[in-house]
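Visitor: Going down the list, the protein sequences come from chains A and B. Residues in the first sequence are numbered from 345 upward in steps of one, following the working numbering. Residues in the second sequence are numbered from 11 upward in steps of one, following the working numbering. The structure that follows is given in the form of structure tokens.
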Amino acid sequence: AQRVTQPEKLLSVFKGAPVELKCNYSYSGSPELFWYVQYSRQRLQLLLRHISRESIKGFTADLNKGETSFHLKKPFAQEEDSAMYYCALTSGTYKYIFGTGTRLKVLA
Amino acid sequence: SQTIHQWPATLVQPVGSPLSLECTVEGTSNPNLYWYRQAAGRGLQLLFYSVGIGQISSEVPQNLSASRPQDRQFILSSKKLLLSDSGFYLCAWKSSGRGGELFFGEGSRLTVL
């Protein structure tokens, strides 16, 4: 069965510190991985997807098929990065499976 | 441009009463449609998805049902609400086919008393 695991419910870092939000998945095929973000009082929205291989708002994520991971990283956290982050996976079906989410708090 | 609307935004219902949450998409045709429930500590739980009119796939057996009476309309229903049905419900759409970005609505907060 497909599964997405985000081990941290809450991650607190100081402004300017590096950030890494962990995401591990279980799927034997070739999944498509995403990171979604929900800022306070805003809709859940796409942050980035692995097939784009791009940096959005300074965030990057690399798909590691050997470790079945898709960790989200940013070298220098900013206060406006504080939000709820969800890792998601879709495979050859129409289903999109989300993790339990990690709340990132960037402290001044 | 495409937009997605959910209503009502907030709903308070007594146990045993019926439920109807509606979701509509504009500016696209034949979208894939999804209902999720968002709960603290449990993430986004996929409830139902639909790839066409009248086609509903259920992911979690529970007290809820979904219907797609029109191409761009997706309805979440219950005949008799339970306390455990309380939560934040999100509708989402994507272009037809496999893969690609999901676009979410603003959500509906349901409180069952």
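C-beta: ideal position from N, C-alpha, C; glycine also.
Touching or not, the segment 86–104 of chain B and the segment 27–39 of chain B, by the rule of three or more beta carbon pairs under 8 Å?
Guide: Counting Cβ pairs under 8 Å, three or more are found: they touch.
Visitor: For the segment 35–48 of chain B, list every residue whose C-beta sits within 9 Å of some C-beta in chain A, in sequence order.
Guide: So the close ones are N42, Y44, Y46 and Q48.
Visitor: Can you tell which of A/S399, A/V363, A/K449 and A/Y369 has the C-alpha that lies nearest to the C-alpha of A/S426?
Guide: Taking the first sequence and counting its residues from 1, one reaches residue 426 of chain A at position 82. The option with the nearest alpha carbon to A/S426 is A/K449.
Visitor: Please identify, using Cβ separations under 7 Å, the residues of the segment 426–448 of chain A that lie next to chain B, in order along the chain.
Guide: So the list reads Y430, T434, G436, Y438, K439, Y440, I441, F442, G443, T444 and G445, given in the order they occur along the chain.
Visitor: Using a Cβ-Cβ cut-off of 8 Å (strictly less than) and excluding sequence neighbours within five positions of B/V70, which residues of its own chain qualify?
Guide: What you label residue 70 of chain B is simply residue 60 of the second sequence in a count that begins at 1. Correct list, in chain order: Q55, L56 and L57.
Visitor: Report yes or no: is there a C-beta of chain B within less than 8 Å of the C-beta of A/K353?
Guide: The residue given as residue 353 of chain A occupies position 9 in the first sequence. Interface residue, yes.
Visitor: Measure the beta-carbon distance from A/R387 to B/F98 and round it to whole angstroms, keeping in mind my assumption that it falls under 8 Å.
Guide: The residue you call residue 387 of chain A lines up with position 43 of the first sequence. The residue you call residue 98 of chain B lines up with position 88 of the second sequence. Going by Cβ atoms, the distance from A/R387 to B/F98 rounds to 12 Å, so no, they are not a contact pair.
Visitor: Taking all protein chains shown into account, decide if B/I14 is buried (16 or more other Cβ within 10 angstroms of its Cβ) or exposed.
Guide: Indexing the second sequence from 1 puts residue 14 of chain B at position 4. Buried is the call here.
Visitor: CB B/E116 to CB B/R82, shorter than 8 Å?
Guide: Counting from one through the second sequence, the residue named residue 116 of chain B turns up at place 106. Counting from one through the second sequence, the residue named residue 82 of chain B turns up at place 72. Taking 8 Å as the Cβ cut-off, B/E116 and B/R82 do not qualify as a contacting pair.
Visitor: Quick check on the burial criterion: 16 or more other C-beta atoms within 10 angstroms. Buried or exposed for B/S118?
Guide: Taking the second sequence and counting its residues from 1, the one referred to as residue 118 of chain B is at position 108. Buried, because 16 or more other Cβ atoms sit within 10 Å of the Cβ of B/S118.
Visitor: Taking the alpha-carbon of A/K417 as reference, which of A/I400, A/E364, A/T437 and A/I395 has the nearest alpha-carbon?
Guide: Along the first sequence, one-based indexing puts residue 417 of chain A at 73. The candidate whose alpha carbon is nearest that of A/K417 is A/E364.
Visitor: Looking at A/Y429: is its Cβ nearer than 8 Å to the Cβ of A/V381?
Guide: Residue mapping note: residue 429 of chain A aligns to position 85 of the first sequence, counting from 1. Residue mapping note: residue 381 of chain A aligns to position 37 of the first sequence, counting from 1. Yes, they are a contact pair.
Visitor: Kindly list, in the order they appear in chain A, the residues whose Cβ is closer than 9 Å to that of B/L56.
Guide: Mapped onto the second sequence, residue 56 of chain B falls at position 46. Neighbours of B/L56 on chain A, chain order: K439, Y440, I441 and F442.
Visitor: If you check the beta carbons only, do A/Q350 and A/T412 fall under 8 Å apart?
Guide: Within the first sequence, numbered from 1, the residue matching residue 350 of chain A stands at position 6. Within the first sequence, numbered from 1, the residue matching residue 412 of chain A stands at position 68. No. Outside cutoff.
Visitor: Between which two residues does the beta strand (DSSP E) harbouring B/L123 extend?
Guide: What you label residue 123 of chain B is simply residue 113 of the second sequence in a count that begins at 1. No beta strand (DSSP E) contains B/L123, which DSSP labels as neither H nor E.
Visitor: Helix or strand or just coil, what does DSSP make of A/E376?
Guide: Along the first sequence, one-based indexing puts residue 376 of chain A at 32. A/E376 falls in the strand class under three-state DSSP.
Visitor: Give me whichever residues DSSP pairs with A/L448 in a beta bridge.
Guide: Walking along the first sequence from the start, residue 448 of chain A turns up at place 104. Partner(s): A/L355 and A/A427.
Visitor: Could you work out which residues of chain B lie near A/E376, taking near to mean beta carbons separated by less than 7 Å?
Guide: As a first step, residue 376 of chain A is located in the first sequence; it is residue number 32 there, counting from the start. Simply G109.
Visitor: Strictly below 7 Å CB to CB, what residues from chain B border A/L390?
Guide: Residue numbering aside, residue 390 of chain A sits at position 46 when the first sequence is read from its first letter. Result: E111.
Visitor: What does A/R397 touch in chain B if you count any residue whose Cβ is under 9 Å from its own?
Guide: Taking the first residue of the first sequence as position 1, residue 397 of chain A is located at position 53. What A/R397 touches in chain B: nothing, since even the nearest Cβ is about 15 Å away.
Visitor: If we cut at 8 Å on Cβ distances, does A/R387 have a partner in chain B?
Guide: To locate residue 387 of chain A, count along the first sequence from 1; it is residue 43. So yes, A/R387 belongs to the interface.
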